[in-house]
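I have placed the structure first, in the form of structure tokens, so that the comments after it can refer back to it.
Residue numbers (the numbering used here): 381 to 744.
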């Protein structure tokens, strides 16, 4: 997969810009707040379906304007395709090759892996952020996962609302919710576990390569469901039992106490729990391996490499890990940001784009 170009209109600091990209490494460089990350945000918008920096669409709109538009042209399986997004005065429109589509159809059409400074601390950050990593990664792979996740969110909202309604509580309605909620949790649990198993396989090799064999890594999916329960039906039955037995406690808490919305990822380095014992260097090796694994799985499933987006990451890494990333650029498209272009002087054929106050200037 290759990104050919992107168009931005009234997005963040850009008024109307068109940026073209080459097949190898593309470097966006300039001072802080010049607009470098805005480009990665706009590109990843088409992989994730929304901004990775948070905020409403109105917050992404250039000051004083009523909306913005984004468009990309990319090569996929030797074909040129386009995706577009337009937000204006509260209304949204997505297009694929000029045809209107919904967000579920859009996600997975264009695939990208984002690596930003926040990811370097993913071990130490919150379970919600690690779940978000899984949700974003799996959504690019599977429309079935997106549909199940959407259903889970709605059922969780309905179930929590019923738990809060003391006087209007309906036991038969709760029983119906429990059956549906258990089923969708079981489906998502199985899909996440299968993904984590593949991810661990990739991460083991990457961490060993980075450390010269000095470090080993293990990855576990932490859930209410014991690991020995692996079939979707038996996981569903366990969820049904948990939900039924915990009803009194849930009513007291006024919230759902079981489900994939509470699950987490656990990392171990050299048999020790990484969250507590990993050094900063080990944490960064894990984060790097996590994103490389995401890319390798995408490549295996889609039959071609995703686009790699690196937001000012090299400046946060030591020389060993920096060299490892740069060694993997061959045959892949990288779009990276940096304050100084010297970080990439060792690479031949880097396309350099200077960024100044929301403007983008291609260098010869």
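C-beta: ideal position from N, C-alpha, C; glycine also. Bear in mind the structure is a predicted one, so any value in this text is a computation, not a measurement.
Exercise. What is the rounded straight-line gap between the Cα of residue 410 and the Cα of residue 673?
Worked result: What you label residue 410 is simply residue 30 of the chain shown in a count that begins at 1. What you label residue 673 is simply residue 293 of the chain shown in a count that begins at 1. Distance between the alpha carbons of residue 410 and residue 673: 30 Å.
Problem set entry | Spatial distance of residue 687 from residue 676 (CA atoms) | The count along the chain shown starts at 1 and reaches residue 687 at position 307. The count along the chain shown starts at 1 and reaches residue 676 at position 296. The alpha-carbon atoms of residue 687 and residue 676 are separated by roughly 11 Å.
Problem set entry | Simplified DSSP state of residue 449, which is helix, strand or coil | Your numbering for residue 449 matches position 69 in the chain shown. If DSSP states are grouped into helix, strand and coil, residue 449 belongs with the strands.
Problem set entry | Cross-strand partners of residue 647 (DSSP beta bridge) | On the chain shown, position 267 is the one that residue 647 refers to. In the DSSP output, where bridge partners are listed per residue, residue 647 has 599.
Exercise. So, is residue 559 buried or exposed, given that buried needs 16 or more other C-beta atoms within 10 angstroms?
Worked result: Here residue 559 refers to the residue found at position 179 of the chain shown. The residue is exposed, with fewer than 16 neighbouring Cβ atoms inside 10 Å.
Exercise. Of the choices 461, 627, 568 and 631, whose alpha-carbon is the least far from that of residue 611?
Worked result: Here the question's residue 611 lines up with position 231 in the chain shown. Answer by Cα proximity: 568.
Exercise. Mind checking whether residue 576 and residue 599 have CB atoms under 7 Å apart?
Worked result: The residue you call residue 576 lines up with position 196 of the chain shown. The residue you call residue 599 lines up with position 219 of the chain shown. Going by C-beta atoms, residue 576 is nearer than 7 Å to residue 599.
Exercise. Taking the alpha helix (DSSP H) that residue 612 falls in, what are its first and last residues?
Worked result: What you label residue 612 is simply residue 232 of the chain shown in a count that begins at 1. Run containing residue 612: 612-625, per the alpha helix (DSSP H) assignment.
For this session: Return the CA-CA distance between residue 587 and residue 445, expressed in angstroms with no decimal places.
Result: One-based indexing of the chain shown puts residue 587 at position 207. One-based indexing of the chain shown puts residue 445 at position 65. It is roughly 47 Å from the alpha-carbon of residue 587 to the alpha-carbon of residue 445.
Problem set entry | Pick from 414, 667, 475 and 521 that is closest to residue 682, judged by C-alpha positions | Counted from its first residue, the chain shown places residue 682 at position 302. For residue 682, the nearest C-alpha among the options comes from 521.
Problem set entry | Distance between residue 484 and residue 525 (C-alpha atoms, nearest Å) | Here the question's residue 525 lines up with position 145 in the chain shown. Here the question's residue 484 lines up with position 104 in the chain shown. C-alpha separation (whole angstroms): 10 Å.
For this session: Could you please give the first and the last residue of the uninterrupted beta strand (DSSP E) stretch that includes residue 411?
Result: For this step, residue 411 is matched to residue 31 along the chain shown. First-last for residue 411: undefined, no H or E at that position.
Problem set entry | Collapsed DSSP secondary structure at residue 403 in the structure displayed | Along the chain shown, one-based indexing puts residue 403 at 23. Residue 403: coil per DSSP, three-state reduction.
For this session: Check each candidate in 419, 729, 562 and 542 and name the one with the smallest Cα separation from residue 553.
Result: Translated into the one-based positions of the chain shown, residue 553 becomes position 173. For the residues 419, 729, 562 and 542, the minimum Cα distance to residue 553 belongs to 542.
Problem set entry | Span separating the alpha-carbon of residue 580 from that of residue 597 | Residue 580 sits at position 200 when you count from the first residue of the chain shown. Residue 597 sits at position 217 when you count from the first residue of the chain shown. The straight-line gap from Cα to Cα measures roughly 8 Å.
For this session: Alpha carbon to alpha carbon, how far is residue 382 from residue 425? Give it in angstroms, no decimals.
Result: Translated into positions along the chain shown, residue 425 becomes position 45. Translated into positions along the chain shown, residue 382 becomes position 2. Going from the Cα of residue 425 to the Cα of residue 382 covers about 16 Å.
For this session: Select from 713, 700, 626 and 641 the residue whose C-alpha is nearest the C-alpha of residue 591.
Result: As a first step, residue 591 must be located in the chain shown, where it is residue number 211. Comparing Cα-Cα distances from residue 591 to each of 713, 700, 626 and 641, the minimum goes to 700.
For this session: With distances taken Cα to Cα, identify the nearest neighbour of residue 432 among 512, 414, 704 and 655.
Result: On the chain shown, position 52 is the one that residue 432 refers to. Ranking the options by Cα distance to residue 432, first place goes to 512.
Exercise. What's the C-alpha gap between residue 427 and residue 547?
Worked result: Translated into positions along the chain shown, residue 427 becomes position 47. Translated into positions along the chain shown, residue 547 becomes position 167. Spanning the two alpha carbons is a distance of roughly 44 Å.
Exercise. Which value, in whole angstroms, describes the spacing of the CA atoms of residue 578 and residue 601?
Worked result: Translated into the one-based positions of the chain shown, residue 578 becomes position 198. Translated into the one-based positions of the chain shown, residue 601 becomes position 221. Spanning the two alpha carbons is a distance of roughly 12 Å.
Problem set entry | Assigned secondary structure, residue 693 (DSSP; H/G/I helix, E/B strand, else coil) | Here residue 693 corresponds to residue number 313 of the chain shown, with the count starting at 1. In this structure, residue 693 counts as coil in the three-state DSSP scheme.
Exercise. How would you write the range of the beta strand (DSSP E) that residue 471 sits in, first residue to last?
Worked result: By 1-based counting over the chain shown, the position of residue 471 is 91. Its beta strand (DSSP E) spans residues 471-476.
For this session: Give me the Cα-Cα distance between residue 722 and residue 539, rounded to the nearest whole angstrom.
Result: Translated into positions along the chain shown, residue 722 becomes position 342. Translated into positions along the chain shown, residue 539 becomes position 159. The alpha-carbon atoms of residue 722 and residue 539 are separated by roughly 54 Å.
For this session: Helix, strand or coil for residue 568, going by three-state DSSP, please let me know.
Result: Counting from 1 along the chain shown, the entry for residue 568 is found at position 188. Correct three-state label for residue 568: helix.
Problem set entry | Closest residue to residue 557 among 702, 455 and 619 (Cα-Cα distance) | Translated into the one-based positions of the chain shown, residue 557 becomes position 177. Among 702, 455 and 619, the Cα nearest to that of residue 557 belongs to 619.
Exercise. Among the residues of its own chain, which have a CB less than 7 Å from the CB of residue 507, if the five just before and after it don't count?
Worked result: Along the chain shown, one-based indexing puts residue 507 at 127. Only 644 meet the Cβ criterion.
For this session: Would you check if the segment 435-450 and the segment 383-397 touch, i.e. whether three or more CB-CB distances between them fall below 8 Å?
Result: yes
For this session: Apply the 10 Å Cβ neighbour rule to residue 707 and answer buried if 16 or more other Cβ atoms are within range, or exposed otherwise.
Result: Taking the first residue of the chain shown as 1, we reach residue 707 at position 327. Answer is exposed; the Cβ neighbour count stays below 16.
For this session: Report the three-state DSSP secondary structure of residue 503 (helix, strand or coil).
Result: The residue given as residue 503 occupies position 123 in the chain shown. Coil, per DSSP.
Exercise. Any chance the segment 649-658 sits against the segment 474-492, with 3 or more Cβ pairs inside 8 Å?
Worked result: no
For this session: Might you give, ordered along the chain, the residues of its own chain that have their beta carbon closer than 7 Å to the beta carbon of residue 566, omitting 5 neighbours on each side?
Result: To locate residue 566, count along the chain shown from 1; it is residue 186. The residues are 612, 615, 616 and 619.
For this session: Look at the alpha carbon of residue 702 and the alpha carbon of residue 402, and state the distance between them as a whole number of angstroms.
Result: As a first step, residue 702 must be located in the chain shown, where it is residue number 322. As a first step, residue 402 must be located in the chain shown, where it is residue number 22. Using only the alpha carbons, I get a separation of about 22 Å.
Exercise. Between residue 695 and residue 463, what straight-line distance do the alpha-carbon atoms span, to the nearest angstrom?
Worked result: Numbered from 1 along the chain shown, position 315 holds the residue referred to as residue 695. Numbered from 1 along the chain shown, position 83 holds the residue referred to as residue 463. Cα to Cα, residue 695 sits roughly 32 Å from residue 463.
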